[in-house]
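Listed in order, the protein sequences are those of chains A and B. Residues 1 to 773 in this note's numbering are what the first sequence spells out, letter by letter. Residues 1001 to 1658 in this note's numbering are what the second sequence spells out, letter by letter. Accompanying notes for the structure given below.
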Amino acid sequence: MLKSQDLSSRILSFSLRLAGIFAAQENCFQYLQGELLPTLFGEAGPLGGAAWTAPTVRSGWVQGLRTLARHPSALRFLAACGAVDTIFSLQGDSSLFVASAAGQLLVHVLDLAMRGPAEGRRGPRARDWPACAQKIVCHIEDSLCSAATPQVTQALNVLTTVFGHCRGLWTQGLWVRLSPLVARLLEKDPVPASHSLVDLLLSVARSGPRGAAGGVGRSSSVLSSDRGLWETLAQTLSHLSPTQAGPLALGILKLQDCPQALRTQAFGILLQPLACVLEAAAQAPGTPGLLEGAAGDSMTVDTLLSSKSACVGLLCCALAHLGLLQPLPQRPSPWPQVPLLGAVVTILRLCSGSAAPTSDVGGRLCAILVGCGRVQRAALDFLGALSQGTGPQELVTQVFSILLEYLMSPESSSMVLKKAFQATLRWLLSSSKTPGCCDLDPHTQQFLRELLPVLQKRLCSPCWEVRDSGLEFLTQMTRQWGGRTGFRQALLASEVPELTRQLLRDPESYVRASAVTATGQLSGWGLRATPASPERPGAQQESLLGELLHILSTDSEGFPRRAAMQVCTEWLRDGRADVAEDPERFVAGVLQAASRDLDWEVRAQGLELALVFLEQLLGQRGSRCPYSVGLPETAPPGVLAQALQVLCRVQLFEFAFRALFDCDRPVAQKSCDLLLFLRAKAASCGSLQEAGDSPSVASVEATLQRWQAGEQGQPLGYLEPGAIVAVLRSVDLEGLRDTLAESSDHVEKSPQSLLQDVLAAVGVLGENEADCY
Amino acid sequence: MKLYCLSGHPTLPCNVLKFKSTTIMLDCGLDMTSTLNFLPLPLVQSPRLSNLPGWSLKDGNAFLDKELKECSGHVFVDSVPEFCLPETELIDLSTVDVILISNYHCMMALPYITEHTGFTGTVYATEPTVQIGRLLMEELVNFIERVPKAQSASLWKNKDIQRLLPSPLKDAVEVSTWRRCYTMQEVNSALSKIQLVGYSQKIELFGAVQVTPLSSGYALGSSNWIIQSHYEKVSYVSGSSLLTTHPQPMDQASLKNSDVLILTGLTQIPTANPDGMVGEFCSNLALTVRNGGNVLVPCYPSGVIYDLLECLYQYIDSAGLSSIPFYFISPVANSSLEFSQIFAEWLCHNKQTKVYLPEPPFPHAELIQTNKLKHYPSIHGDFSNDFRQPCVVFTGHPSLRFGDVVHFMELWGKSSLNTVIFTEPDFSYLEALAPYQPLAMKCIYCPIDTRLNFIQVSKLLKEVQPLHVVCPEQYAQPPPAQSHRMDLMIDCQPPAMSYRRAEVLALPFKRRYEKIEIMPELADSLVPMEIKPGVSLATVSAVLHTKDNKHVLQPPPRPAQPTGGKKRKRASDDIPDCKVLKPLLSGSIPVEQFVQTLEKHGFSDIKVEDTAKGHIVLLQEAETLIQIEEDSTHIICDNDEMLRVRLRDLVLKFLQKF
């Protein structure tokens, strides 16, 4: 086939990969290396020819070699056919995929060369290394010394992969050899490929070669020792610009073991921008800053004031990095919670224009930051993260007041509002954690009184994103505080419940979905729009249920229907009064609506509801933990018979059996689990009379077979409990479960499928090209 | 080039530009904030307003109590409201050649200028500007004329008395020049002087300059103006917007390469983003109506109301307000809604394409069709039959001093269920509400001003790069209440020149060139000589013919042919014969070398003095003085022609002749 003149690039690429797969076995490799492998991977192959211009061929070449290179013979082959030089050149390939794969292949080849039988003896001394590894390392050395930044980047990326993935002792030797070259990069101004350099240093620091380097490193070079690496890191921190140094500082602070001085320096880098802001906006000199004695670093101030984009970029990075650091156990201690809170509140004030700084720097910062959505979002995220700590009451009051200012401001964009809602929720929840107090403190109570009118207004916003975030906030708050008197009173006194109810008919489906969830949550806590009339206590609830069923059966969008199903499930699970009155009717209605739904998540949620109903009838399922040992719980025969009657009446089996052959795998899986649970319950109660041979069983089985074949038109009809049990036993539910547990592309990934593709490619070449998986 | 600044209001400008022998008035805005000092004119007798106590001086003197009334601590003039006119004394307005109007809000003083100053020129404006401007004027006249007031207060304007009054009356400027509203007759006469123009149309003014209106994106037909001669370009940017609202987008490219850019009419609320304000407007409207309250929106009959109605069209269904009636009450409501639909060519692209479907460009047509929006000329008549509450009413005037809005303020002011939402930024809402205090109804201030903000201005200036920017003084510094907000001012290099009312600015550029046309036959006869690479010169003898500010070089008449023995005198004989041409000189005289040459030729005791324009070489012995300047050299000696000729020849040695 390869001799064909008009071989398409896709077929050629496929052949390269396939050959790689075959040659991965050493014996197979021996068989192929005579003719096929040199024809494909050597100079006689596509290399340099017309086909080589297609990226897919180059990609196939690299991937083929990547699979092939698993044994020492492969290394010899690579050396013989000059593949390593080609890989070097492919590192700068115009296709990013090829370039990246070439870099990884290089690392793979280096690792393969350095492993092998002599691995244990290979110390860091380079002269002991095999020729192939020497060649690659020399290439990396040359690239590191190159004046061209792309080459330096390639070398740094390869090294980052080496230290990230290779675990051999030889990596220490590599670091000993290359670290002086890496350190020399810092002498250049600007530092080339700073991103990649940061990645490499962090990769080295994490891989721990310096830890295990022991005496060897120390005796050969200062840089190879722990101290050397820490010094390089410290040097890098001070050489890079504040923006470039941020990710490195964060990486250093995440390291488990690291000298305190370096941690202090790294933390200082992250705090520096906020310290500048705090100092610039300070009303009076002498206000406690973030960094003792180091505030006002001129480089950071220069970056902040140089341009709007630089200022915004630096502040956003600093805020995001500190936000990531905050929840970590290894975050710096003591954590400067109070000045950080002060700084983030100041930033938010500068952004809203409500700060009135007196200094020049403050004035210019204000002009840059005012109305800047990116910084507002980053600051609100970080403010939310800071809610995990505490602060003096005065500062907490400021936090709530700035949050309220943002929630009220017409200038807040929808994303900023969303973040403001999230931060508010986190602060509200953290502030009400006071132990031994079951109700809200007066400050929170007061804040709620001011917040609810704002929420009310936001629920009327013409911007649907705002209405949606308002509802999400309400749902979360109700979930946490639904039982607290203060919250209940404030909420009921407002129009929020009524507005939420109205939003069930919002034109935007996301809003309807959120309104459904919020209404479900509110009604769960008995927080209705208006008190129900004394004559018909369930009247309003009933109409709400009707409204949910209406949404379930008529809403054209999936999200509201999914939300409605979730609320129905929760109501059934919680045994809400009106549902508990006639659960059969409720379940029948919901399942009927769900069975016709085109959205698989609605159907899956329907099965969840069915399972809850089943558990209520037959008792809990056993422990979901697969390793726990427990005796199967049995239901008394009388109960089971009654339960099956009920299940037949609500047409649960029709729903579940249809779902069993659902084209969406999660639905089928869920149904399978449900039916297995039911069968287990039935099995434990042998006295139920089966109708194994009755005609109805045969017809059910026939219908199920047709359903499985895709003909789902015919209904199952009314079933007797006995027939159900018989059908449950006859269907191979375990087999079905195992098939469903396979990944969705297991058929395509099977060797059989590959073979079919190959045959198809050979057979009808040109008409039906092979897919390359 | 001079700029006479007749108005102190940055968004209602009135400036006069003197440029190349033309006198051009740029806009004639009318400052109506003066009306805030007056009591409202109620359509229906208001016992509350008529029973307000008269105001008396601290010493109990009550001689002003007929003219001034007190309401909740504020003092108001009980008289027909008066307007603050542009300056009329700074320049003789009868000399104004043309008036260029940029948008319908900036022409409200037109009748005062065209009818009472001896103005004889032409006014240029686009068609929508004129039509909607007419509606605004008609509404204003109607509002004021339909509530005749017998009393006209003038005593309080006496300077000695005004000093004794409380603020803000005490601080009101030039009250003696305040005038009552014009009449419809004056409006018609003023509008008849307008000549309609289209965007990018070039209009020649006396051959001296060319003026061109450009789309400014702010309102229907709103324009910026380019005023240019062959070598100079002045841009007048007034009331422009970069937001996507209903009008055609702003033409920025044509403003490039201006020598001077006069920048007026920026947003009055630079800290408020119109999108956020529209959101506030809708939310507050919905909240009020849901509670059973009414919403009052004081507004102009055209402009932002179109965008508000469009937002509401999309919003009312989602907010469950479909059953709430919306009323638009104005003497010109019907015309305004209809005009907006017919000016398709002046609309943004989206709306223009709708016309070809064919669909009305604005969705308010559908609101009217479905009876959700109803419009009435006034509260009298049909409206009182159809009126249902809760409802939303759009009506004028935004100052709350006249128009149907006064009635609704009186009607709804007592209930806290109702809300008044201010969307027009021209008047301070607190001052507008002052004569209605105490007020129970809720007040929401969401000013929607789509004009350029300072960030947009800064981008615009970077893009068009004018050599000089001229703007009202308010834009050259941060607002007094927010002095730290350096972002709320124009920041450009060189710094903008600012002006204030009654100031005359000499604009900082000099005219250096004038274009002269050469007739083809004359051009044919020229023989250019290259004096240095790329520069050629030719001498021209011609007659300069100037008419309508256009200059043409024509070939000189031929010398008279000797005609036989006829001695009859001919017309051409009057023209003097062309003299033999002296050679033209070029080059410069290096002083040091010149002095050396003089010394070589026997002159001694030479002294050189530097002057502002060049040098003076003093030959003290010969009592002679040689003045060397950039474009002239003078030899001043005492009756010694020989010496002069010697010196002249020495000078000529340094110069090239041709």
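Just so it is clear, CB atoms sit at the ideal spot from N, CA and C, and this is done for glycine as well. Note that the structure is predicted; figures quoted are calculated from it, not measured.
Alpha carbon to alpha carbon, how far is Glu1145 (chain B) from Gln521 (chain A)? Give it in angstroms, no decimals.
Translated into positions along the first sequence, residue 521 (chain A) becomes position 521. Translated into positions along the second sequence, residue 1145 (chain B) becomes position 145. As the crow flies, the alpha-carbon of Gln521 (chain A) is around 60 Å from that of Glu1145 (chain B).
Give me the Cα-Cα distance between Ala1333 (chain B) and His1407 (chain B), rounded to the nearest whole angstrom.
Your numbering for residue 1333 (chain B) matches position 333 in the second sequence. Your numbering for residue 1407 (chain B) matches position 407 in the second sequence. Answer to the nearest angstrom: the Cα atoms are 17 Å apart.
Starting from Tyr1236 (chain B), trace the beta strand (DSSP E) both ways and give me its first and last residue.
What you label residue 1236 (chain B) is simply residue 236 of the second sequence in a count that begins at 1. Where Tyr1236 (chain B) is concerned, the enclosing beta strand (DSSP E) stretches over 1233-1238.
Kindly say whether Thr1271 (chain B), judged by its beta-carbon, lies nearer than 8 Å to any beta-carbon of chain A.
As a working note, residue 1271 (chain B) is residue 271 in the second sequence. It does: the Cβ of Thr1271 (chain B) has a partner Cβ on chain A nearer than 8 Å.
Using a cut-off of 9 Å between C-beta atoms, extract the partners of Asn1284 (chain B) located in chain A.
For the purposes of this step, residue 1284 (chain B) is taken as residue 284 along the second sequence, with counting starting at 1. In chain order: Lys457, Cys460.
Have a look at Ala1190 (chain B) and Ala355 (chain A) and give me their C-alpha separation to the nearest angstrom.
Residue numbering aside, residue 1190 (chain B) sits at position 190 when the second sequence is read from its first letter. Residue numbering aside, residue 355 (chain A) sits at position 355 when the first sequence is read from its first letter. Taking the straight line from one Cα to the other gives about 49 Å.
By DSSP's criteria, Trp571 (chain A) is part of a beta bridge. Which residues make up the other side?
For the purposes of this step, residue 571 (chain A) is identified with residue 571 of the first sequence, where counting begins at 1. In the DSSP output, where bridge partners are listed per residue, Trp571 (chain A) has none listed.
Do the region 670-677 of chain A and the region 698-718 of chain A meet, that is, are 3 or more Cβ pairs less than 8 Å apart?
No contact exists between the region 670-677 of chain A and the region 698-718 of chain A.
Could you tell me which chain A residues have their CB closer than 9 Å to the CB of Met1486 (chain B), listed as they occur along the chain?
For the purposes of this step, residue 1486 (chain B) is taken as the residue at position 486 of the second sequence. Going along chain A in sequence order, the residues near Met1486 (chain B) (Cβ under 9 Å) are Gly363, Arg364, Cys366, Ala367.
Using a Cβ-Cβ cut-off of 7 Å (strictly less than) and excluding sequence neighbours within five positions of Arg70 (chain A), which residues of its own chain qualify?
The residue you call residue 70 (chain A) lines up with position 70 of the first sequence. Same-chain partners within the cutoff: Ala24.
Answer yes or no: does any C-beta atom of chain A fall closer than 8 Å to that of Cys1005 (chain B)?
Your numbering for residue 1005 (chain B) matches position 5 in the second sequence. Not closer than 8 Å to any Cβ of chain A, the Cβ of Cys1005 (chain B) fails to qualify, so no.
In terms of residues, what are the limits of the beta strand (DSSP E) holding Gly1614 (chain B)?
Reading the second sequence from its first residue, position 614 is the one you call residue 1614 (chain B). Element bounds for Gly1614 (chain B): 1614-1619.
Which same chain residues end up closer than 8 Å to Val375 (chain A) when comparing Cβ atoms and leaving out the 5 residues on each side of it in sequence?
By one-based count along the first sequence, residue 375 (chain A) stands at place 375. Hits under 8 Å: Val312, Leu315, Cys316, Leu319, Ile347, Cys351, Leu369.
Out of A:Pro410, A:Arg479, A:Glu411, A:Asp468, which one is the CA nearest neighbour of Leu428 (chain A)?
In the first sequence, counting from the first residue as 1, residue 428 (chain A) sits at position 428. Ranked by Cα distance from Leu428 (chain A), the first of A:Pro410, A:Arg479, A:Glu411, A:Asp468 is A:Arg479.
For the region 338-356 of chain A, which residues have a CB atom closer than 9 Å to at least one CB atom of chain B, in sequence order?
Gly353, Ala355, Ala356
Sort out for me which residues DSSP pairs Pro1478 (chain B) with in a bridge.
Locating residue 1478 (chain B) in the second sequence gives position 478, where the first residue counts as 1. Bridge partners of Pro1478 (chain B): none, in fact.
How many angstroms separate the CA atom of Asn1061 (chain B) from the CA atom of Gln1162 (chain B)?
Walking along the second sequence from the start, residue 1061 (chain B) turns up at place 61. Walking along the second sequence from the start, residue 1162 (chain B) turns up at place 162. Annotation: Asn1061 (chain B) to Gln1162 (chain B) spans about 14 Å, alpha carbon to alpha carbon.
Rounded to whole angstroms, what's the CA-CA distance from Trp61 (chain A) to Trp129 (chain A)? Just pull it up for me.
As a first step, residue 61 (chain A) is located in the first sequence; it is residue number 61 there, counting from the start. As a first step, residue 129 (chain A) is located in the first sequence; it is residue number 129 there, counting from the start. The straight-line gap from Cα to Cα measures roughly 27 Å.
What are the partner residues of Gln1554 (chain B), as DSSP defines its beta bridges?
By 1-based counting over the second sequence, the position of residue 1554 (chain B) is 554. Answer is B:Val1543.
Rounded to the nearest angstrom, how far is the Cβ of Ala580 (chain A) from that of Ser553 (chain A), given a contact under 8 Å?
Position 580 of the first sequence, counted from the start, is the residue given in the question as residue 580 (chain A). Position 553 of the first sequence, counted from the start, is the residue given in the question as residue 553 (chain A). Taking C-beta atoms under 8 Å as the contact rule, Ala580 (chain A) and Ser553 (chain A) fail to qualify, at a distance of about 22 Å.
Which of the residues in the region 1129-1140 of chain B, read from start to end, lie with their CB under 9 Å from any CB of chain A?
none
Return the CA-CA distance between Ser333 (chain A) and Leu380 (chain A), expressed in angstroms with no decimal places.
On the first sequence, residue 333 (chain A) is found 333 positions in, with the first residue counted as 1. On the first sequence, residue 380 (chain A) is found 380 positions in, with the first residue counted as 1. Cα to Cα, the separation comes out at about 23 Å.
Using a Cβ cut-off of 8 Å (strictly closer), state whether Thr1424 (chain B) contacts chain A.
Position 424 of the second sequence, counting from 1, holds the residue named residue 1424 (chain B). Going by the sequence as given, residue 1424 (chain B) is Glu instead of Thr. With 8 Å as the cut-off, Glu1424 (chain B) does not count as an interface residue toward chain A.
Using C-beta distances below 8 Å, list every residue in its chain close to Cys672 (chain A), excluding the 5 sequence neighbours before and after it, in chain order.
Position 672 of the first sequence, counted from the first residue, corresponds to residue 672 (chain A). The residues are Leu660, Leu733, Leu736, Arg737, Leu740.
Cβ atoms of Met1184 (chain B) and Val1234 (chain B): under 8 Å apart, would you say?
To locate residue 1234 (chain B), count along the second sequence from 1; it is residue 234. To locate residue 1184 (chain B), count along the second sequence from 1; it is residue 184. Cβ atoms of Val1234 (chain B) and Met1184 (chain B): not closer than 8 Å.
When DSSP labels each residue in this structure, what does His1484 (chain B) get in the three-state scheme?
By one-based count along the second sequence, residue 1484 (chain B) stands at place 484. Three-state DSSP puts His1484 (chain B) in coil, outside helix and strand.
Would you mind listing the alpha helix (DSSP H) stretches within the region 244-273 of chain A that are 4+ residues and don't spill past its ends, in chain order?
none
Leaving aside the five residues before and after Ser413 (chain A) along the sequence, list all residues of the same chain whose C-beta is less than 7 Å from its C-beta, in chain order.
Locating residue 413 (chain A) in the first sequence gives position 413, counting from the first residue. Gly373, listed in sequence order.
Whose Cβ in chain B lies nearer than 9 Å to the Cβ of Leu505 (chain A)?
Indexing the first sequence from 1 puts residue 505 (chain A) at position 505. Note that residue 505 (chain A) is Arg in the sequence shown here, rather than Leu. Residues of chain B passing the Cβ test: Ser1318, Gly1320.
If we ignore side chains and look at the alpha-carbon of each, how far apart do Gly371 (chain A) and Glu411 (chain A) end up?
Along the first sequence, read from residue 1 onward, the residue named residue 371 (chain A) stands at position 371. Along the first sequence, read from residue 1 onward, the residue named residue 411 (chain A) stands at position 411. Cα-Cα distance, rounded: 8 Å.
Scan the region 367-392 of chain A for residues whose Cβ lies nearer than 9 Å to a Cβ of chain B and list them as they occur along the chain.
Ala367, Ile368, Val370, Gly371
Residues of the region 1289-1315 of chain B in Cβ contact with chain A at a cutoff of 8 Å, in chain order, please.
Arg1290, Asn1291, Cys1311, Gln1314, Tyr1315
Could you give the first and the last residue of the continuous alpha helix (DSSP H) run that contains Ser523 (chain A)?
Walking along the first sequence from the start, residue 523 (chain A) turns up at place 523. Its alpha helix (DSSP H) spans residues 509-524.
Name the chain A residues whose beta carbon is nearer than 7 Å to that of Cys1446 (chain B)?
Within the second sequence, numbered from 1, the residue matching residue 1446 (chain B) stands at position 446. Those are Pro410, listed as they occur along chain A.
Here's the rule I'm using: 16 or more other beta-carbon atoms within 10 Å means buried, otherwise exposed. How should Asn1350 (chain B) be labelled?
For this step, residue 1350 (chain B) is matched to residue 350 along the second sequence. Its Cβ having fewer than 16 others within 10 Å, Asn1350 (chain B) is exposed.
Is Asp1031 (chain B) helix, strand or coil by DSSP?
Taking the second sequence and counting its residues from 1, the one referred to as residue 1031 (chain B) is at position 31. Correct three-state label for Asp1031 (chain B): strand.
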